[in-house]
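Keeping their order, the protein sequence lines are chains A and B. Heads up: the first sequence begins at 162 in the numbering used here, then just goes up one per residue. Heads up: the second sequence begins at 162 in the numbering used here, then just goes up one per residue. To start, the structure itself, in structure tokens.
There are 2 protein chains.
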Amino acid sequence: MRVSLKDVAAHAGVSIKTVSNVVNNYQHVTPAMRERVQRSIDVLGYRPNLAARHLRKGRTGIIALALPELGNPYFAELAASVIDAASQHDYIVLLDHTGGSREQELLVSQGFRARVIDGLILSPIELETEDLRDRSEDVPLVLLGERDYDLPYDHIAIDNVAAARAAVRHLIGLGRREVAFIGARRGRSEPAQLRVRGWREELAAAGLPADEGLVAATDGWGHADGALAMNHILDSGRRPDAVFAYNDPMAIGAMRVLHERGLRVPEDIAVVGFDDVIEGRFGAVTLTSVSPDKAAIGRLAVESVLARLHDRAPEPRRIWADHQLVERESTLGRPAATNRGAA
Amino acid sequence: MRVSLKDVAAHAGVSIKTVSNVVNNYQHVTPAMRERVQRSIDVLGYRPNLAARHLRKGRTGIIALALPELGNPYFAELAASVIDAASQHDYIVLLDHTGGSREQELLVSQGFRARVIDGLILSPIELETEDLRDRSEDVPLVLLGERDYDLPYDHIAIDNVAAARAAVRHLIGLGRREVAFIGARRGRSEPAQLRVRGWREELAAAGLPADEGLVAATDGWGHADGALAMNHILDSGRRPDAVFAYNDPMAIGAMRVLHERGLRVPEDIAVVGFDDVIEGRFGAVTLTSVSPDKAAIGRLAVESVLARLHDRAPEPRRIWADHQLVERESTLGRPAATNRGAA
DNA sequence: AACGGCGTGTATAACGTTGTAAAACTTGAG
DNA sequence: CTCAAGTTTTACAACGTTATACACGCCGTT
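Right, here's the structure in full:
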């Protein structure tokens, strides 16, 4: 059986509370007493029972991180950064994945999935503002990612509109004129709305038409969805000279299709992705991408949720993380002359 | 404040234990009483306190899954499969990542990282047999992956030697004669030993020499490590006509180097990876790979750890999951004639 | 010599739940 | 109408921890 405070107390010949005081570094303990108790702790191999501590203090030391998709390396890297940040505050991270479905996101936000947590960091895809409005749960919630919510929760994200505009501006600067957008999500909600808006705004700023036929909606956000969307655009007879994808896996899926159809990247079509995942640096054509500061996002998310947990909670805020555009082969140089007006 | 059994009991005018009986579907409760209590539960919005339940029962309902690397999509997919399998048994998964370092793996195996778990599924990289031998922790442990341990724990893996032999046999069957192996790990431990052994055995079976100069050791198992290893082999003046990589990211890293150096895949050099990650299906050259049955591995791991937890524990066993070789473009066709003996 | 104040250690009562054993109700037979 | 046997409900203790309030001894001061 596991050894408890009582056993240590008996072994050291002191009261239970004194042992507890030593374990918790309570200040009013003489060095002699502290050492005597510590020796008993070491001898017996005592380790505190977290359930009992939790029951007493009302804290578990666990925060949950709910992500739509673990398979996407962006989220995997983000998870790693959250886990690291949390461990620096002696917190453990319970990873959950929602599959990006509204139903699962709702369950998570209302605390039905993981009921042993002090705080929750949620990266929603389909969840609506109204879904969160009547959240009865009392564990602190921090939102992550692109969606725009008007709610009393901290929200950490990069400036998606600005980032998308930078990507499109880069393409236009290379002489591209017909920039497709891949990954506007199908369905009533529009999670990619900010990036589409950035695309639209930057085209307008450059005096170019925003051809809505160059915006491809998809069901998911994986390689296959990007490939499907690219095929869809090309099958419609359009021939853009650039593609901006919602994320890197979709960009890579699109590049595969371009390769299959004999279109060269970047000569015929330039491609820009989003998230800067490692995979984009090792393809036959390396991928230009918007690189969010994942480490900062993870750190800020943990700090926000812990701040709220410890009641040092300021007003709910929107916190911006940095981003930058990383240029690689997929946008190298100006378009090949042959491509213009080929259709 | 949160509502407890006591509050519900007061509201329904019954004892605490009766409410508990209703919550736990205890059998000796009249339908009338059950409904009356249930109504109070619904009205007050009662939700059980897991910490108290844990303290009382000694179970948390959480199992930990410790993986070396979340960024590798193989592990991400595996994690998803474990999470799904666990949720079918009403268990929650706490994901931990060790970075593949011996120190972290040791901490995890001894329960210092996550101290609130009923069971542990660990995929070790560097951990030695001796490290686990004097494990004092009493939570059930299930091992995952390639390492070969002679210890009283369940171990779930595919037959790595057979899988590696199948990959090499496929290459030899295509007429390849100089097959390099990328990813024998540097350092005293040799986690890739089974796959190297398969490589060696199959070459021997085909009457081909096992040129140890074609085995490249690396520090890690990512894209960059594969690229480094490939460069190392080519810089040494050797010119293999096939490469078998420890995993898909390394294979893709190697393919990038081949592309940069103007070597064609598969004409000049065929490439086979391991794990069959999604990324391998969307490169300019799709990747032939050994595909382990990840869903089965996750399911078996969860079932093993829960069996041990519930004392239906049989002898420690080695459990084999299926695998198959998926052929794609990177091994399509026979070698180009020009390449032979080019060096 | 008595007293207040301070620093250190201790008994006790929670936290919310479930297992045990006993009490309180049914039911049916004599 | 009583009693035994069975069914349903209840009181209470325990799980391991920490907060509260108090007791004790030791100072220096009056």
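Backbone N, C-alpha and C define an ideal beta-carbon position, used for all residues, glycine too.
- If you draw a straight line from the Cα of B/E307 to the Cα of B/N321, it is about 7 Å long.
- Going by DSSP, B/L281 is part of the beta strand (DSSP E) stretching over G280 to L283.
- For a cut-off of 8 Å, the C-beta gap from A/I413 to A/H384 is around 6 Å, short enough to register as a contact.
- The Cβ-Cβ distance between B/A240 and B/L255 does not fall below 8 Å.
- Residues of chain A whose Cβ lies closer than 9 Å to the Cβ of B/E266 do not exist, since the nearest Cβ in that chain is about 15 Å away.
- With its beta carbon at least 8 Å from every one in chain B, A/F435 lies outside the interface.
- Taking each of B/G359, B/R469 and B/F236 in turn and checking the Cα distance to B/A367, the smallest one comes out for B/G359.
- Taking CB atoms only, A/L389 has no neighbour in chain B less than 8 Å away.
- With a minimum length of 3 residues, the unbroken runs of beta strand (DSSP E) contained wholly in the segment 237-283 of chain B fall at 253-258 and 280-283.
- Distance from the Cα of A/L467 is smallest, within the candidate group A/A213, A/N182 and A/T221, for A/T221.
- Along the segment 294-316 of chain B, there is no position whose C-beta sits under 7 Å from a C-beta of chain A.
- Taking every protein chain shown into account, the CB of B/T492 has 16 or more other CB atoms within 10 angstroms, so this residue is buried.
- Taking CB atoms only, B/P234 has a neighbour in chain A less than 8 Å away.
- With the rule of 3 Cβ pairs closer than 8 Å, the segment 470-487 of chain A counts as touching the segment 308-320 of chain A.
- For the segment 397-431 of chain A, the residues whose beta carbon sits under 7 Å from a beta carbon of chain B are, in order, I413, G414, R417 and H420.
- According to DSSP, residue pairing for A/L486 in a beta bridge involves A/V451.
- Under a criterion of Cβ atoms nearer than 7 Å, the residues of chain B adjacent to A/H258 are, in order, A241 and I244.
- Listed as beta-bridge partners of B/R346 by DSSP are B/T379.
- Residue-level contact by beta carbon fails for B/L364 and chain A, as no gap is shorter than 8 Å.
- For the pair A/V180 and B/R276, the Cα-to-Cα distance works out to about 20 Å.
- Exclusion of the five residues before and after A/A497 leaves R425, E428 and D429 as the residues of its chain whose Cβ lies within less than 8 Å of its Cβ.
- In the structure shown, the three-state DSSP call for A/V164 is coil.
- Spatial neighbours of A/I278 in its own chain (CB-CB distance under 8 Å, excluding positions within 5 residues in sequence) are listed in chain order as T221, I223, I224, A225, L255, G272 and V300.
- Buried is the label assigned to B/V183, since at least 16 other Cβ atoms lie within 10 Å of its Cβ.
- Considering only A/R442, A/A378, A/V340 and A/I333, the residue with the shortest C-alpha distance to A/A403 is A/V340.
- In the DSSP assignment, A/D437 falls outside any beta strand (DSSP E), carrying neither H nor E.
- When secondary structure is reduced to three states using DSSP, A/R479 falls in the strand class.
- Inside the segment 375-423 of chain B, DSSP marks whole alpha helix (DSSP H) runs of 4 or more residues at positions 384-396 and 409-421, from first to last along the chain.
- Annotation for B/V418: A388, M391 and N392 place their beta carbon closer than 7 Å to its own, counting only its chain and skipping 5 residues before and after.
- Contact fails between the segment 325-336 of chain B and the segment 453-467 of chain B, because fewer than three Cβ pairs, one in each stretch, are under 8 Å apart.
- Of the residues A/G280, A/L305, A/R274 and A/E298, the one whose Cα lies closest to the Cα of A/E287 is A/L305.
- Residues of chain B with a Cβ closer than 7 Å to the Cβ of A/T379 do not exist; the shortest Cβ-Cβ separation is about 15 Å.
- Put simply, the CB of A/F342 is far from chain B, with every gap to its CB atoms at 8 Å or more.
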